[in-house]
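Student: Numbering (my numbering), first residue to last: 4 to 410. Cβ coordinates follow ideal geometry from the N, Cα and C atoms, glycine included. This is the structure I want to talk about, given as structure tokens.
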Amino acid sequence: MNSSQRILIVGGGFGGVFTALELAGDAEVTLVAPDDYFLCTPLLYEYLSREVEAWHIAPPFKELLDDKVRFIRGEVTEIDFSAREATIKGRTRRAGYDVLVLAVGGTTNYFGTEGAEEYAIPFRRLPDADRLRQRMIDTLDRIAPDSDAQDARAQATFAVIGGGASGAETASKMGDLLNDAFRRRGLPGVPRVMLIEMGNRIVPGMGDDLHDYVEHSLRESGVEIHTNTRVNRVTESSIVFEHGGREEEIETAGVVWTGGVRVAPLVEDLALKRDDRNKIIIHNTLQTQSYAEVFALGDIALYTNADAKLSGTAQLAFQQSSLAGTNIKAFLKGEELQTRYLRVQGEAVSLGTENAAVETAGQIVHGTLARQARFALYTTRLPTWHHRLRVGASWFFGGTLPRPLGL
Ligand SMILES: Cc1cc2nc3c(=O)[nH]c(=O)nc-3n(C[C@H](O)[C@H](O)[C@H](O)COP(=O)(O)OP(=O)(O)OC[C@H]3O[C@@H](n4cnc5c(N)ncnc54)[C@H](O)[C@@H]3O)c2cc1C
Numbered sequence: 004m005n006s007s008q009r010i011l012i013v014g015g016g017f018g019g020v021f022t023a024l025e026l027a028g029d030a031e032v033t034l035v036a037p038d039d040y041f042l043c044t045p046l047l048y049e050y051l052s053r054e055v056e057a058w059h060i061a062p063p064f065k066e067l068l069d070d071k072v073r074f075i076r077g078e079v080t081e082i083d084f085s086a087r088e089a090t091i092k093g094r095t096r097r098a099g100y101d102v103l104v105l106a107v108g109g110t111t112n113y114f115g116t117e118g119a120e121e122y123a124i125p126f127r128r129l130p131d132a133d134r135l136r137q138r139m140i141d142t143l144d145r146i147a148p149d150s151d152a153q154d155a156r157a158q159a160t161f162a163v164i165g166g167g168a169s170g171a172e173t174a175s176k177m178g179d180l181l182n183d184a185f186r187r188r189g190l191p192g193v194p195r196v197m198l199i200e201m202g203n204r205i206v207p208g209m210g211d212d213l214h215d216y217v218e219h220s221l222r223e224s225g226v227e228i229h230t231n232t233r234v235n236r237v238t239e240s241s242i243v244f245e246h247g248g249r250e251e252e253i254e255t256a257g258v259v260w261t262g263g264v265r266v267a268p269l270v271e272d273l274a275l276k277r278d279d280r281n282k283i284i285i286h287n288t289l290q291t292q293s294y295a296e297v298f299a300l301g302d303i304a305l306y307t308n309a310d311a312k313l314s315g316t317a318q319l320a321f322q323q324s325s326l327a328g329t330n331i332k333a334f335l336k337g338e339e340l341q342t343r344y345l346r347v348q349g350e351a352v353s354l355g356t357e358n359a360a361v362e363t364a365g366q367i368v369h370g371t372l373a374r375q376a377r378f379a380l381y382t383t384r385l386p387t388w389h390h391r392l393r394v395g396a397s398w399f400f401g402g403t404l405p406r407p408l409g410l
């Protein structure tokens with residue numbers, strides 16, 4: 004391996020950034036991503052409530068990667084695997100590579116639901132959380148303190164579509180934030196947050212004990228849980244849903260879509276072997292089946308050498324990035340590549356602004372202690388020691404209290 008070998012990493016999320024940090028200094032590493040910052044997605048809920056600030060969870064690449072990794076802000080639109088070159092939107096010169104790492108992650112899947120892409124708010128990026136927070140504030144600002152309780156509730160009706168972990172965590176945060184705002188503003192009655200799930204159970208991937216606790220906690224936050232309910236249409240101010248064969252329309256102030264994930268569009272255009280969900284089929288070494296010098300990881304890769312529950316998680320991309328670093332170094336030196344079975348390292352769920360649940364080794368801890376443990380856990384999932392220390396100190400000395408809506 005020599006320092007003039009070129010490693011091109013496409014994507015600046017958990018897979019891409021941690022792989023870049025593993026390889027920095029060992030070769031000529033370039034990272035391409037459309038945003039100029041990393042995002043620690045598991046803390047996006049806390050950004051919605053402003054328990055954390057943007058700089059905590061979205062550090063800029065120029066701060067994380069220093070001069071050992073070249074960062075190009077842009078979107079890769081095409082890859083020529085024979086010429087070993089990638090096209091970056093708006094640039095005439097293509098980026099060449101000796102090793103390519105694909106880590107472009109997922110994007111919101113609306114499953115073709117009428118009006119969803121146009122009117123629902125996705126929840127994957129910082130601007131999504133800003134948009135949702137602003138929508139809640141604007142809604143509250145429109146409610147007159149002397150309106151009757153039923154009117155206030157109708158005006159403050161929000162629907163979260165998709166009852167997986169992300170939907171449950173978003174809905175519980177919204178429930179707590181809106182209830183708190185109603186109290187502070189002296190509004191009559193209570194707001195309404197609906198969590199709508201097509202299947203017969205929310206958080207289907209979680210074990211029974213954790214599931215039951217999440218459901219209990221959602222109800223404490225005033226969230227209505229609607230299972231076996233399918234949303235057929237989203238409009239600017241309503242949703243149309245079906246339950247037990249009956250269709251109903253209700254007025255909404257905002258609809259959040261956490262109903263599904265699909266691979267980033269780039270992957271759908273690549274001439275690589277994929278499964279029926281468009282995930283790239285890879286070997287246990289993370290290499291693609293067609294090209295030994297092309298590695299894929301994270302949400303876009305079908306990696307079977309891991310606990311099934313890890314699929315589509317930051318935990319998986321994070322663990323894979325360490326394997327990617329080891330294997331890319333070996334590949335460039337002509338050495339044998341490794342395989343590694345990857346395991347679930349526990350589960351941590353954000354529940355409202357004062358609670359969380361953490362499951363490790365079959366034990367569930369909840370309450371304030373679990374909330375602190377979750378913050379501590381994610382401090383260790385932030386890139387670089389320098390950033391972890393800055394954030395850890397800020398949370399320790401400054402606290403992590405939510406900022407009320409509109410204040
Ligand atoms: C709100 C939310 C909360 C979550 N909470 C948890 C949690 O608590 N625990 C957990 O384990 N997982 C969680 N996840 C899942 C986790 O975020 C993903 O599994 C993980 O980020 C996957 O890493 P990745 O590198 O594959 O993709 P990502 O982290 O999504 O990164 C993909 C990167 O590729 C870039 N990109 C996309 N297309 C292109 C292109 N054409 N050219 C260049 N760059 C491109 C993107 O901009 C991004 O930088 C959560 C996800 C969300 C959205």
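(1) Do residue 9 and residue 25 have their CB atoms nearer than 8 Å?
(2) Is the closest heavy atom of ligand 1 to the C-beta of residue 120 under 7 Å?
(3) Based on the DSSP output, what are the partners of residue 366 in its beta bridges?
(4) So the candidates are 299, 288, 235, 256; which of them puts its Cα closest to the Cα of residue 276?
(5) So, residue 104 versus residue 13, is the Cβ gap smaller than 8 Å?
(6) Check this for me: beta carbons of residue 169 and residue 220, under 8 Å apart or not?
(7) Does the beta-carbon distance from residue 232 to residue 214 come in below 8 Å?
(8) Please name the residue or residues paired with residue 162 in a DSSP beta bridge.
(9) Could you tell me the boundaries of the beta strand (DSSP E) in which residue 79 lies?
(10) Following a CB-centred definition, is residue 316 positioned closer than 7 Å to any heavy atom of ligand 1?
(11) Report the rounded CA-to-CA distance for residue 347 versus residue 190, giving the unit in angstroms.
(12) What is the DSSP secondary structure of residue 330, reduced to helix, strand or coil?
(13) For residue 372 and residue 7, I'd like the C-alpha separation in whole angstroms.
(14) Checking the sheet assignment: what are the DSSP bridge partners for residue 90?
(15) Closer than 7 Å to a non-hydrogen atom of ligand 1 - does that hold for the CB of residue 107?
(16) Does any heavy atom of ligand 1 sit closer than 7 Å to the C-beta of residue 74?
(17) Given a cut-off of 8 Å, decide if residue 309 and residue 345 are closer than it, judged by their beta-carbon atoms.
(18) Taking 6 Å as the limit between beta carbons, can you name the residues of its chain near residue 179, skipping five residues before and five after?
(19) So is the beta-carbon of residue 52 under 7 Å away from any non-hydrogen atom of ligand 1?
(20) Note the first and the last residue of the continuous alpha helix (DSSP H) segment covering residue 60.
(21) Kindly indicate which three-state DSSP category residue 182 falls into: helix, strand or coil?
(22) Are the CB atoms of residue 312 and residue 208 within a distance shorter than 8 Å?
(23) Do you know offhand how far residue 341's Cα is from residue 353's?
(24) Measure the C-alpha to C-alpha separation of residue 34 and residue 80 and round it to an integer number of angstroms.
(25) Below 7 Å, is the gap between the Cβ of residue 275 and the nearest heavy atom of ligand 1?
(26) Would you decide whether residue 260 is buried or exposed? Buried here means 16 or more other CB atoms lie within 10 Å of its CB.
(27) Please determine whether the Cβ atom of residue 320 lies at a distance below 7 Å from any heavy atom of ligand 1.
(28) Considering only residues of the stretch 339 to 409, which uninterrupted beta strand (DSSP E) runs meet the minimum length of 3 residues and lie entirely inside it, listed in chain order?
(29) In this structure, what does DSSP give as the bridge partners for residue 294?
(30) Could you give the distance in angstroms between the alpha-carbon of residue 192 and the alpha-carbon of residue 153?
(31) Cβ atoms of residue 302 and residue 109: under 8 Å apart, would you say?
(32) Looking only at its chain, what residues have a beta carbon closer than 7 Å to the beta carbon of residue 63, apart from the 5 residues adjacent to it on each side?
(33) Alpha carbons only, please: which of 116, 165, 133, 181 is nearest the one belonging to residue 142?
(34) Could you tell me the alpha carbon to alpha carbon distance between residue 136 and residue 404, rounded to whole angstroms?
Tutor: So, from the data block:
(1) Position 6 of the sequence shown holds residue 9. Position 22 of the sequence shown holds residue 25. Against a cut-off of 8 Å, the Cβ pair of residue 25 and residue 9 comes out as no contact.
(2) Residue numbering aside, residue 120 sits at position 117 when the sequence shown is read from its first letter. In this structure, residue 120 has its CB at a distance of at least 7 Å from all heavy atoms of ligand 1.
(3) Here the question's residue 366 lines up with position 363 in the sequence shown. Residue 366 pairs with 363.
(4) Translated into positions along the sequence shown, residue 276 becomes position 273. Out of 299, 288, 235, 256, 299 has the C-alpha closest to the C-alpha of residue 276.
(5) Against the sequence shown, residue 104 aligns to sequence position 101. Against the sequence shown, residue 13 aligns to sequence position 10. Yes, they are a contact pair.
(6) The count along the sequence shown starts at 1 and reaches residue 169 at position 166. The count along the sequence shown starts at 1 and reaches residue 220 at position 217. In this structure, residue 220 does not lie closer than 8 Å to residue 169 by Cβ.
(7) Here residue 232 is taken as the residue at index 229 of the sequence shown, counted from 1. Here residue 214 is taken as the residue at index 211 of the sequence shown, counted from 1. For residue 232 and residue 214, no; Cβs fall outside 8 Å.
(8) Along the sequence shown, one-based indexing puts residue 162 at 159. Beta-bridge partners of residue 162 (DSSP): 197, 258.
(9) Counted from its first residue, the sequence shown places residue 79 at position 76. Segment 79 to 83, the beta strand (DSSP E) holding residue 79.
(10) Working through the sequence shown from its first residue, we reach residue 316 at position 313. Yes, Cβ of residue 316 sits closer than 7 Å to a heavy atom of ligand 1.
(11) For the purposes of this step, residue 347 is taken as the residue at position 344 of the sequence shown. For the purposes of this step, residue 190 is taken as the residue at position 187 of the sequence shown. In a straight line, the C-alpha of residue 347 is about 44 Å away from that of residue 190.
(12) Residue 330 sits at position 327 when you count from the first residue of the sequence shown. Three-state DSSP puts residue 330 in a helix.
(13) The residue labelled residue 372 in the question sits at position 369 within the sequence shown. The residue labelled residue 7 in the question sits at position 4 within the sequence shown. Each residue's Cα considered, the two are about 49 Å apart.
(14) To locate residue 90, count along the sequence shown from 1; it is residue 87. Answer is 81.
(15) To locate residue 107, count along the sequence shown from 1; it is residue 104. Under cutoff, so the answer is yes.
(16) Residue 74 sits at position 71 when you count from the first residue of the sequence shown. Outside the cutoff, so no.
(17) Within the sequence shown, numbered from 1, the residue matching residue 345 stands at position 342. Within the sequence shown, numbered from 1, the residue matching residue 309 stands at position 306. In this structure, residue 309 lies closer than 8 Å to residue 345 by Cβ.
(18) The count along the sequence shown starts at 1 and reaches residue 179 at position 176. Taken in chain order, the residues that qualify are 224, 355, 356.
(19) As a first step, residue 52 is located in the sequence shown; it is residue number 49 there, counting from the start. Every heavy atom of ligand 1 is 7 Å or more from the Cβ of residue 52, so no.
(20) Translated into the one-based positions of the sequence shown, residue 60 becomes position 57. 57 to 60 is the span of the alpha helix (DSSP H), which, as asked, contains residue 60.
(21) Counted from its first residue, the sequence shown places residue 182 at position 179. DSSP places residue 182 in helix when its eight states are reduced to three.
(22) Position 205 of the sequence shown, counted from the start, is the residue given in the question as residue 208. Position 309 of the sequence shown, counted from the start, is the residue given in the question as residue 312. A contact, by the Cβ cut-off of 8 Å.
(23) As a first step, residue 341 is located in the sequence shown; it is residue number 338 there, counting from the start. As a first step, residue 353 is located in the sequence shown; it is residue number 350 there, counting from the start. The alpha-carbon atoms of residue 341 and residue 353 are separated by roughly 35 Å.
(24) For this step, residue 34 is matched to residue 31 along the sequence shown. For this step, residue 80 is matched to residue 77 along the sequence shown. Their backbone Cα atoms lie some 15 Å apart in a straight line.
(25) Here the question's residue 275 lines up with position 272 in the sequence shown. For ligand 1, not one heavy atom lies less than 7 Å from the Cβ of residue 275.
(26) Translated into the one-based positions of the sequence shown, residue 260 becomes position 257. That one is buried.
(27) As a first step, residue 320 must be located in the sequence shown, where it is residue number 317. Residue 320: yes, Cβ under 7 Å from ligand 1.
(28) 350 to 354, 358 to 363, 366 to 369
(29) The count along the sequence shown starts at 1 and reaches residue 294 at position 291. DSSP lists no partner for residue 294.
(30) Mapped onto the sequence shown, residue 192 falls at position 189. Mapped onto the sequence shown, residue 153 falls at position 150. So the two alpha carbons sit approximately 7 Å from each other.
(31) For the purposes of this step, residue 109 is taken as residue 106 along the sequence shown, with counting starting at 1. For the purposes of this step, residue 302 is taken as residue 299 along the sequence shown, with counting starting at 1. Result yes, Cβ atoms of residue 109 and residue 302 sit closer than 8 Å.
(32) By 1-based counting over the sequence shown, the position of residue 63 is 60. So the qualifying residues of the chain are 39, 40.
(33) Within the sequence shown, the letter at position 139 stands for residue 142. It is 181.
(34) For the purposes of this step, residue 136 is taken as residue 133 along the sequence shown, with counting starting at 1. For the purposes of this step, residue 404 is taken as residue 401 along the sequence shown, with counting starting at 1. Rounded to the nearest angstrom, the two C-alpha atoms are 16 Å apart.
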